[in-house]
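Right, one structure below, let's go through it.
Residue numbers (our numbering): 1134 to 1502.
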């Protein structure tokens, strides 16, 4: 492994620390190296605070290190615009960085190569992209939002070995074990929004919150709990009760309907969107576009077979995460998805990218093709 690759791998490792906290910003790591010695490290912790480059420069300064003549290894092209913080490309060049190794170009139209161009114009040697696939894997939702105007959508499902998700009565707690439920908590924690349907709420009265006891995280737990994901309930006909657990914290709740906003929910301060399609149901693609406009990068769909099937049927799911429990629920139990397919020619192909044990259960990750 070359020194450049080794230092970029470390920058990627640092960026991963922001998995649960940087939203809506991308996860970024930075390593500063001078004369073969690491003199500063940083990662972006949360939006509105220092970016990875600024934090690495501060780390070098705290150590009394000289940055002039150093190489900066950054997982994402340094920003060139002023938002809540200043341009990182200027911070690096002003500090005397003479060489930049970057993981991937920033897909943000406000940057899109301009950070690299400005640094190169200032005489900085530019090298990259390096470990681009790993760098892109840090921010799948941010990249998708910048490139398409839609968030990355994951659909989480739990099933028995015979592909059943609930009994005929609707009873579904608990198919999987505690390790799998903890894994779902971590999926929630990395998501900007969690979407469910009114049917699931009426059956389970879930709060859809991230809960510390189930996270299974040590140092990252406090960051993961700082901000709950937006909890989105799709309720076409406004059947949601005002005392539902999902509304206990109205600041992170959103109710979407095909009908006009409910005055009762409005009196509680609940945010509401009216997004009907031509059939009087909720327009799912418009919902995702609106969530992207609210800077949602990664959206987790936790719903029953009907709503999950509707997302899949509409081609709006990027990734399926299926937890399979070592149990049989029988032929009268409900199937995995409400997705009417009549012929083999119409089957939906998937690419399985990961299969692993999670406690006593199995987690299958598949990409929609």
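Even for Gly, the Cβ is constructed at its ideal location relative to N, Cα and C.
Helix, strand or coil at residue 1157 [DSSP, three-state] = It is coil, neither helix nor strand.
Between residue 1266 and residue 1466, what straight-line distance do the alpha-carbon atoms span, to the nearest angstrom?
-> Computed Cα separation, rounded: 41 Å.
Alpha carbon to alpha carbon, how far is residue 1178 from residue 1473? Give it in angstroms, no decimals.
-> Their Cα atoms are separated by approximately 44 Å.
Helix, strand or coil: which one does DSSP assign to residue 1400?
-> If DSSP states are grouped into helix, strand and coil, residue 1400 belongs with the helices.
Do residue 1441 and residue 1434 come within 8 Å of each other at the CB atom, strictly closer than that value?
-> Contact flag set, yes.
What's the gap between the Cα of residue 1225 and the Cα of residue 1201?
-> Rounded to the nearest angstrom, the two C-alpha atoms are 10 Å apart.
Per the contact definition of three or more C-beta pairs closer than 8 Å, is the region 1381–1390 in contact with the region 1178–1191?
-> With a cut-off of 8 Å on Cβ pairs, the region 1178–1191 is not in contact with the region 1381–1390, counting fewer than three such pairs.
When the Cα atoms are used, what is the spatial distance from residue 1490 to residue 1496?
-> Taking the straight line from one Cα to the other gives about 6 Å.
Determine the DSSP secondary structure at residue 1302, reduced to helix, strand or coil.
-> It is coil, neither helix nor strand.
Integer-rounded CB distance, given that residue 1176 should sit under 8 Å from residue 1188 | The Cβ separation is near 7 Å, so the contact holds.
Assign residue 1316 to one of two classes, buried (16 or more other C-beta atoms within 10 Å of its C-beta) or exposed (fewer than that).
-> Looking at its Cβ environment, which holds 16 or more other Cβ atoms inside 10 Å, residue 1316 is buried.
Is residue 1459 buried or exposed, if buried means 16 or more other CB atoms sit within 10 Å of its CB?
-> Per the 10 Å Cβ criterion, exposed.
Which runs of the beta strand (DSSP E) fall wholly inside the region 1437–1499 and span at least 3 residues, in chain order?
-> Runs of the beta strand (DSSP E) inside the region 1437–1499: 1452–1458 and 1483–1491.
Nonlocal neighbours in the same chain, by C-beta distance under 8 Å from residue 1463, ignoring five residues either side = For residue 1463, where only same-chain residues beyond five positions count, the Cβ hits under 8 Å are 1295 and 1297.
Of the residues 1271, 1276, 1325 and 1313, the one placed nearest residue 1493, counting alpha carbons only | Out of 1271, 1276, 1325 and 1313, 1313 has the C-alpha closest to the C-alpha of residue 1493.
Using the rule of at least 16 other Cβ atoms within 10 Å of the residue's Cβ for burial, across every protein chain shown, is residue 1377 buried or exposed?
-> Buried.
If residue 1288 and residue 1445 are in contact, beta carbons under 8 Å, what's the gap, nearest whole angstrom?
-> Residue 1445 and residue 1288 do touch by the CB rule: their CB atoms are close to 7 Å apart, below 8 Å.
From residue 1210 to residue 1269, what does the alpha carbon distance come to, in whole angstroms?
-> When rounded, the distance between both Cα atoms is 12 Å.
Could you check where the alpha helix (DSSP H) with residue 1435 kicks off and where it finishes?
-> Unbroken run through residue 1435 is the beta strand (DSSP E), 1431–1435; no alpha helix (DSSP H).
Buried or exposed for residue 1400, please, with buried defined as at least 16 other CB atoms from any protein chain shown within 10 angstroms of its CB.
-> The residue in question, residue 1400, is exposed, as its Cβ has fewer than 16 Cβ neighbours within 10 Å.
My understanding is that residue 1172 touches residue 1191, with C-beta atoms under 8 Å, so please give their C-beta distance in whole angstroms.
-> Rounded, the Cβ-Cβ distance is 12 Å, inconsistent with contact.
Any idea if residue 1338 is buried or exposed, counting beta-carbon neighbours within 10 angstroms, 16 or more meaning buried?
-> Only exposed fits residue 1338, as fewer than 16 other CB atoms lie within 10 angstroms of its CB.
Pairwise C-alpha distance: residue 1501 and residue 1454 = Roughly 11 Å separates the two Cα atoms.
Using a Cβ-Cβ cut-off of 7 Å (strictly less than) and excluding sequence neighbours within five positions of residue 1397, which residues of its own chain qualify?
-> Its chain contains 1375 as the residues whose beta carbon lies nearer than 7 Å to that of residue 1397, once the 5 sequence neighbours on both sides are disregarded; these appear in chain order.
Below 6 Å CB to CB, which residues in the same chain sit around residue 1165 once its five sequence neighbours on both sides are set aside?
-> Within the same chain, residue 1165 has close Cβ partners 1172, 1173, 1189, 1193, 1203 and 1205.
For residue 1258, which residues does DSSP report across the bridge?
-> Residue pairing by DSSP places residue 1258 opposite 1232 in a beta bridge.
Below 8 Å on the Cβ atoms is my guess for residue 1284 versus residue 1430; work out the distance and round it to an integer in Å.
-> Yes, they are in contact, since the Cβ atoms of residue 1284 and residue 1430 sit about 6 Å apart, within 8 Å.
Leaving out the 5 sequence neighbours to the left and right, which residues in its chain are closer than 6 Å to residue 1251 when beta-carbon positions are compared?
-> So the list reads 1213 and 1222, once near-sequence residues are dropped.
Under the three-state reduction of DSSP, which class applies to residue 1212: helix, strand or coil?
-> Reduced to three states, the DSSP call for residue 1212 is coil.
Terminal residues of the alpha helix (DSSP H) in which residue 1186 lies = 1185–1195 is the extent of the alpha helix (DSSP H) around residue 1186.
Looking at the unbroken beta strand (DSSP E) that takes in residue 1172, where does it start and where does it end?
-> Per DSSP, the unbroken beta strand (DSSP E) holding residue 1172 starts and ends at 1170–1176.
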